[in-house]
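Colleague:
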Amino acid sequence: MDTAASTNISSTASVAEVIRTKILLTGLRKCGKTSIQEVLFKGLPTKDAFFIEPTTKVVKTAYDTVIPLELWDCPGSLTIQTLPTPLSQFPTIVFIIDIQDHHQQPITRLVELVITAYQENQNVNLEVFVHKAEALSEEYKIENFKHIQQRVLEELDDYDFGHIPVNFYLTSIYDHSLQDAFSKVVQKLIDSLPYIEDLLNVFCGNSQATKAFLFDAKSRLYIATDASPVDSATHSLCSDFLLTLNSFSPLYKSVQASTFEERRELFPSQLVQSPSASIQPSPSASPRPPSSDKGKLPDSARASDPSKALFYPSASTSLSPGSTETTVTCHLITPQLALLALIPTQTFEGRRGLVEYNVVYFREGVQEIWQVEREARTRG
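Just so you know, we're using UniProt numbering here: the sequence shown kicks off at 1 and counts up by one.
1) What number of angstroms, rounded off, separates the C-alpha of residue 425 from the C-alpha of G27?
2) Less than 8 Å separating the beta-carbons of I99 and N144?
3) Could you name the residues of the same chain whose beta carbon sits closer than 6 Å to that of T234, not counting the 5 residues immediately before and after it, in chain order?
4) Measure the beta-carbon distance from T329 to L319 and round it to whole angstroms, keeping in mind my assumption that it falls under 8 Å.
5) Alpha carbon to alpha carbon, how far is V111 from P313?
6) For P283, which residues from the same chain have a beta carbon less than 7 Å from its beta carbon, with the 5 sequence-adjacent residues on both sides left out?
7) In this structure, what does DSSP give as the bridge partners for D73?
8) Roughly how many whole angstroms lie between the Cα atoms of F248 and L242?
9) Which residue wins for smallest C-alpha separation from G32, given the options G43, K42, V18, F50?
10) Leaving aside the five residues before and after Y169 along the sequence, list all residues of the same chain whose C-beta is less than 6 Å from its C-beta, in chain order.
11) Who are the Cβ neighbours of C204 in its own chain at under 7 Å, not counting the five residues just before and after it?
12) Between A361 and I369, what straight-line distance do the alpha-carbon atoms span, to the nearest angstrom?
13) Going by CA-CA distance only, name the one from V66, T116, Y159 that's closest to S192.
14) With H, G and I counted as helix, E and B as strand and the rest as coil, what does DSSP make of P106?
15) Return yes when the Cβ of L24 is within less than 8 Å of the Cβ of I80, no when it is not.
16) Where does N123 land, buried or exposed, given buried means 16+ other C-beta within 10 angstroms?
17) Which residues does DSSP list as the beta-bridge partners of S192?
18) So, is K146 buried or exposed, given that buried needs 16 or more other C-beta atoms within 10 angstroms?
19) Quick check for students: name the residue ranges of the beta strand (DSSP E) that lie wholly in the segment 317-358, counting only runs of 3 or more.
20) So for P68, helix, strand or coil by DSSP?
21) Hey, T334 and V366 are a contact pair by Cβ (cut 8 Å); roughly how many whole angstroms apart?
22) Looking at the structure shown, is K211 part of a helix, part of a strand, or coil, going by DSSP?
23) Can the beta-carbon of I107 be found closer than 8 Å to that of E155?
24) By Cβ distance, which residues of its chain are closer than 8 Å to I164, with the 5 residues on each side in sequence left out?
25) Reducing DSSP to helix, strand and coil, say where Y174 ends up.
26) Assign Y222 to one of three DSSP states: helix, strand, or coil.
27) Within the continuous beta strand (DSSP E) that includes E127, where are the two ends?
28) Starting from the Cα of L221, find the closest Cα among A209, K184, E356 and give me that residue.
29) Would N358 and N206 qualify as a contact pair, given that the criterion is a beta-carbon distance under 8 Å?
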């Protein structure tokens, strides 16, 4: 595994030029650190996670979302003393515990890490993933989770550090619990989060949306949501819809985002030989799959001519037909981010133009925040 693996998405600045927020992933050997990183940020199918080789050295992965991140995947043998960077350099530390493992050794290691990290930086975010929860029954995994949480807090209290805030999550790569937990971890690192939440609240109010999420399109982490409570069913629904769009996205492509050669192959009778000629479809046009309402969500792409507008595809589908029918919509906001919203179908069909008008202004607001973050973190 490459020690400088980069998952940078269409960033104009190189990894070395951007100041990145570091997240430390640590825990004992075979607790699931690498599989978490590979599944979330590199698109590894969960069925292949079993075949991942144990990590033998620190692996750094760069990833761009609202803010540029750098995830440090540490081998199980790494200790605080052998970590090549001071703990104070990590605003967030994620410690993973295998729920099936004997708990005493990881709890001892965790307590030592928590105390040391807090002494170096009292503002550090300390997160504990009780992982591989899919291996146990519902009742037994809840019992183990509560036992681990209680043991950790009791040992911290024995050392007079019971006041240190530590957050616990029950996670698995085989359901949405991992995305939900890591979403909350990332949200704490985004200084501009209140402004994004305000934009989502305004969008929901103006579009009559019952719920809205700003997702990282690739990892399916939700960066922000509106003020209404997040329920598991709604989050899972939006996450699965985004997964479906990502799965089908390679099949479709914007004509405007295609090169002249690609357009010439698709539409030979409509193009002259001059490279300056091009098809000019409606600005709101997007490719339609045979059985979907509108388009798909590919990685955003510019045409070979950099002066051309960025392609922002969208998609929508209706749920639960009936008098309370709801439509879930998806709009690309930046090359990394997508807005997913639940809107009453009657409202969406009757006021679709207004919804898309509100999306444009939401997109401009988020892009401005994203650009400010990039400029603030770019060296030189």
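Positions of the beta carbon are idealized from the N, C-alpha and C atoms, including for glycine.
Small disclaimer: the values here were computed from a predicted structure and weren't measured.
Modeller: According to the structure data:
1) The requested residue 425 is not part of the displayed model; the chain covers only 1 to 380.
2) Cβ distance < 8 Å, so I99 and N144 count as in contact.
3) Once the five neighbours on either side are set aside, the close Cβ partners of T234 are K211.
4) Actually they are not in contact, since the Cβ atoms of T329 and L319 sit about 11 Å apart, beyond 8 Å.
5) Cα-Cα distance, rounded: 47 Å.
6) With a pLDDT of 39 at P283, under the threshold of 50, the predicted position of this residue should be treated as unreliable, though the coordinate-derived value follows. Listed in chain order, the non-local C-beta contacts of P283 below 7 Å within the same chain number zero, local neighbours out to five positions each way being set aside.
7) Beta-bridge pairing links D73 to L25, V59.
8) F248 and L242 have their C-alpha atoms roughly 10 Å apart.
9) Of the listed residues, the one whose Cα sits closest to G32 is F50.
10) Excluding the 5 residues flanking it on each side, Y169 has same chain C-beta neighbours closer than 6 Å at F129, A181, in chain order.
11) Apart from the 5 residues on each side of it in sequence, C204 sits with its Cβ closer than 7 Å to the Cβ of A212, D226 in its chain, given in chain order.
12) It is worth fixing the name first, because residue 361 is Tyr in this sequence and not Ala. C-alpha of Y361 to C-alpha of I369: approximately 13 Å in a straight line.
13) Per the Cα distances, V66.
14) Under the three-state reduction of DSSP, P106 is assigned to helix.
15) Pairing I80 with L24 gives a Cβ-Cβ distance that is not under 8 Å.
16) So N123 counts as exposed.
17) Residue pairing of S192 in beta bridges, as defined by DSSP: absent, with no partner found.
18) The residue is exposed, with fewer than 16 neighbouring Cβ atoms inside 10 Å.
19) The segment 317-358 is shown to contain whole beta strand (DSSP E) runs of 3 or more residues at 326-332, 337-344, in chain order.
20) Assignment of P68 by DSSP, reduced to helix, strand and coil, places it in the strand class.
21) With 8 Å as the limit, T334 and V366 qualify as a contact, their Cβ atoms being about 7 Å apart.
22) Here K211 sits in strand by DSSP.
23) In this structure, I107 places its C-beta atom within 8 Å of the C-beta atom of E155.
24) Leaving aside the five residues that flank I164 on each side, the residues in its chain whose CB is nearer than 8 Å to its CB run, in chain order, V114, I115, Y118, L126, L156.
25) DSSP, read as helix, strand or coil, puts Y174 in coil.
26) Strand, per DSSP.
27) Counting along the chain, the beta strand (DSSP E) containing E127 begins and ends at 125-131.
28) For L221, the closest C-alpha among the options A209, K184, E356 is that of K184.
29) Yes; because the gap between Cβ atoms is below 8 Å, this pair is in contact.
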